[in-house]
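Scroll down for the structure; my scribbles are underneath it.
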Amino acid sequence: MNHRLKIDPDIRRAHTPSAEFYRSREIYERQIDAIFARSWQLMPPDVLALGRHEAAPWTLLEDSLSEPLLVTRGEGEEIKVLSNVCTHRGHPVAMQRCSSRRLRCRYHGRTFSQTGSLLKCPGFEEAEDFPRKEDDLPEVRHETWGPLHFVRLDGGGSLAEHLQPVTERMGWWPLSDLQEDQAARRSYRVASHWALYCENYLEGFHIPYVHHALNKTLEFGDYRTELFDHCSLQIGIAAPGEVVFDLPAESADHGKKVGAYYFFVFPNTMLNFYPWGLSLNVVRPTGPESTVVEYTAFVLDPSLRASGLGADLHLVEMEDEEVVEAVQVGMNSRLYQRGRYSPTHESAVHHFHRFLARTLAME
Ligand code: FES
Ligand SMILES: [Fe+2]
1 MNHRLKIDPD IRRAHTPSAE FYRSREIYER QIDAIFARSW QLMPPDVLAL
51 GRHEAAPWTL LEDSLSEPLL VTRGEGEEIK VLSNVCTHRG HPVAMQRCSS
101 RRLRCRYHGR TFSQTGSLLK CPGFEEAEDF PRKEDDLPEV RHETWGPLHF
151 VRLDGGGSLA EHLQPVTERM GWWPLSDLQE DQAARRSYRV ASHWALYCEN
201 YLEGFHIPYV HHALNKTLEF GDYRTELFDH CSLQIGIAAP GEVVFDLPAE
251 SADHGKKVGA YYFFVFPNTM LNFYPWGLSL NVVRPTGPES TVVEYTAFVL
301 DPSLRASGLG ADLHLVEMED EEVVEAVQVG MNSRLYQRGR YSPTHESAVH
351 HFHRFLARTL AME
């Protein structure tokens, strides 16, 4: 099997990945290791809702990475993210939400502090060269951006560096005033490869064909795409009369009728800014042909919720799922090999594939 993913840097000449990329289990498993174990991943808000001295187990990217983690809180507001695998013989330290004062593994009683330090280890009195630093629970990198918390298992670049274009563009926006709307949490199961779902998000080309209601709210001819190192941005310019951002002079888009900023942060996080607030989508691979998309919403102005480009997100999701699932069927065809990119409309899709090729180190 040829594992190499080669995407020509020139979109005018480039071909999309071959259909095999979207259906091979072997390639899928490489993607999970190479892409998801080495990127910033958003923490769901329910995991962060911890009382003082509480700890909660959390599985990072369930059904793909499935990394057992433990989120703990001490006396103050500060959250720590630790491995939830006991450093003795690997039993989970916490099986359910519990006190973070003494995290005791139920297998042989090894006990850790809220910050992961080994406190007690019965039966190890005679052990030599013990305990060492490796006997503490490993701490996982954890950084925040406004109300959002991210974790990362490897030692790559900082979250601030990844989100710098978002910070620059949205610096004027009152991030700290956002309130999560818990009633808006949704999980959608999609019968497609995770990358097909992302690719669909990364172009507005399909909007007039697939999203008839959404298309009426925007100026299709003014749709714009910008590319950055770790993310891309699509800007939806609103049709006359639709609700738009009240952009201050310091905004790069001051004077424009922006109805939505769609930021895609590699590899699987979508930050959708609307005048009403922020809709977040995390795309979670659950198999070569199955994906779960998690929605959360942070509201700034509830009175604008039903208007403009961010009005009916459920309808847009249903329309997107239908085409994405149909494309997965196409990927299983014996007659389809690969496609080409529209240089006018698909620069962010091409950019995403270049990122995949680089990350998979198949080039
Ligand atoms: S596995 Fe945790 S104490 Fe043995
Ligand atoms: Fe869409």
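Residue numbers (our numbering): 1 to 363.
We treat Cβ as the ideally placed atom computed from N, Cα and C, and that holds for glycine.
None of these values were measured; they are calculated from a predicted model.
Element boundaries [beta strand (DSSP E), containing residue i]
i      : result
Pro68  : 67-73
Glu143 : 141-145
Opposing strand residues paired with residue i [DSSP bridges]
i      : result
Ala56  : Val71
Met270 : Phe264, Asn281
Tyr188 : Val293
Val166 : DSSP, once it has assigned bridges, lists no residue as partnering Val166.
Leu42  : Phe150
Arg305 : Its beta-bridge partners do not exist; DSSP assigns none.
Arg340 : His15
Phe21  : Phe21 is not bridged to any residue.
Gly287 : Ser290
Lys80  : Thr72
Val47  : According to DSSP, which records beta bridges pairwise, Val47 is partnered with nothing at all.
Nearest to residue i (by Cα), restricted to the options the options
i      : options                        : result
Val81  : Leu137, Leu61, Thr291, Gln31   : Leu137
Pro122 : Arg104, Arg132, His53          : Arg104
Trp173 : Ala252, Thr344, Thr296         : Ala252
Ala297 : Val243, Gly51, Ala195, Gln182  : Gln182
Gly171 : Trp145, Leu218, Glu319, Phe220 : Trp145
Leu360 : His53, Thr291, Pro267, Glu321  : Pro267
Arg132 : Lys216, Gly155, Leu119, Trp194 : Leu119
Ala56  : Asp63, Pro68, Glu62, Ser64     : Pro68
Val210 : Glu321, Gly157, Arg284         : Glu321
Ala195 : Arg73, Leu315, Val283, Val47   : Val283
Ala191 : Ala326, His230, Pro343, Phe205 : Ala326
Gly255 : Ser113, Met270, Ala238         : Ala238
Arg13  : Leu153, His350, Tyr201         : His350
Glu219 : Glu161, Arg334, Val258         : Val258
Cys86  : Ser117, Asp63, Ser64           : Ser117
Leu61  : Arg38, Glu54, Leu50            : Arg38
Arg189 : Thr286, Phe352, Glu199         : Thr286
Asp229 : Ala94, Arg30, Val166, Ile32    : Val166
Glu29  : Ser66, Val47, Asp10, Ile11     : Ser66
Trp276 : Arg4, Asp301, Ala260, Gly308   : Asp301
Ala311 : His142, His91, Arg340, Val243  : Val243
Pro248 : Leu278, Gly51, Leu315, Arg169  : Arg169
Proximity test, residue i beta-carbon vs ligand 2 heavy atom, cut-off 7 Å
i      : result
His314 : no
Asn200 : yes
Val349 : no
His367 : With the chain running from 1 to 363 in the structure shown, residue 367 is simply not present.
His212 : no
Val345 : Residue identity differs from the one stated: residue 345 is His in this sequence, not Val. False, no ligand heavy atom lies under 7 Å from that Cβ.
Residue i CB to nearest heavy atom of ligand 1 below 7 Å
i      : result
Arg110 : yes
Arg89  : yes
Cys98  : no
Cys231 : no
Tyr107 : yes
Extent of the continuous alpha helix (DSSP H) run through residue i
i      : result
Leu148 : Here Leu148 belongs to no alpha helix (DSSP H); instead the beta strand (DSSP E) covers 148-152.
Thr359 : 347-359
Ala326 : 313-331
Arg334 : That residue, Arg334, is in no alpha helix (DSSP H); it is neither H nor E in DSSP.
Ile27  : 25-34
Unbroken stretches of the alpha helix (DSSP H), 4 residues or longer, contained in the region 83-137: With a minimum length of 4 residues, no continuous alpha helix (DSSP H) run stays inside the region 83-137.
Whole runs of the beta strand (DSSP E) within the region 171-246, excluding any shorter than 3 residues: Here the runs fully enclosed are 186-190, 224-227, 231-237.
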